[in-house]
Each structure stands twice: as C-alpha cells, then as structure tokens.
Amino acid sequence: VAFLTTRVKRPDKDDWGKLKRVLKYLKGSRRLKLSLSVDNLSILKWWVDASHAVHKDCKSHTSMGMTLGKGMPLTMSKKQKINGKSSTESE
Numbered sequence: 409v410a411f412l413t414t415r416v417k418r419p420d421k422d423d424w425g426k427l428k429r430v431l432k433y434l435k436g437s438r439r440l441k442l443s444l445s446v447d448n449l450s451i452l453k454w455w456v457d458a459s460h461a462v463h464k465d466c467k468s469h470t471s472m473g474m475t476l477g478k479g480m481p482l483t484m485s486k487k488q489k490i491n492g493k494s495s496t497e498s499e
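For what it's worth, our numbering labels the leading residue of the sequence shown as 409, then goes sequentially.
Structural data, given as structure tokens:
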C-alpha cells in the first residue's frame, strides 16, 4: 500500500493490478478481527526489510514492524532518501 501511494500521479497497468489485489484482500478480510497480545514485556522483536531500487528514480524502500508477541502494533514503510549501490547496501 505504501508503495502504491507513491504511484498516484502516473500509475501504469501493473500499478492498477496491484491496487486491485489490495482492494480484493481488504474486501475479503474486512470481517477479520485484529488480535494483539503480549508474550513478554521485556522482549521487543523488530522485523526490518528493504526492497532494492523499486522506485522509478532507482531508490529503495524500507519497511519495519515491532511486536511484543502476537500482532504488530507499530509499523513503518518509507522510501529511502539515497540510492543504494546494491541490495545489501539498501538493507
């Protein structure tokens, strides 16, 4: 979803396909309940990933989320400010 928001001005056929996929998922999952729980307050787990050169200007995209157990109450997704030379550098 965060990536699609960067494509609003000039979406191509592929972007429309991605949007349709997101809308189909949202329609099918609207009755699902959000479930959060805590396993241990002293253990935070972070998940971080990057996609190398996915934007038109060859910049990468980073996403991350934090959990204390079940569910992810804190997430972030952001376009990187500088161009990485490789996927390893983007991460």
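Every residue gets a Cβ at the ideal spot worked out from N, C-alpha and C, and that includes glycine.
Asked, Found
"Any chain B beta carbon closer than 8 Å to Leu434", "No chain B is present in this structure, which holds just one protein chain."
"Beta strand (DSSP E) segment containing Asp457, residue limits", "Lys453 to Ser459"
"DSSP state of Leu482 mapped onto helix, strand, coil", "strand"
"Residue closest to Leu442, alpha-carbon to alpha-carbon, out of Lys467, Lys428, Met480 and Asn448", "Met480"
"Any 3 or more C-beta pairs closer than 8 Å across the segment 462-476 and the segment 422-435", "no"
"Three-state secondary structure assigned by DSSP to Lys417", "coil"
"Alpha-carbon to alpha-carbon, Val416 and Lys478", "33 Å"
"Beta-carbon spacing of Val446, Leu482 below 8 Å", "no"
"Presumed contact (8 Å Cβ cut-off) between Ser498 and Gln488, rounded CB distance", "7 Å"
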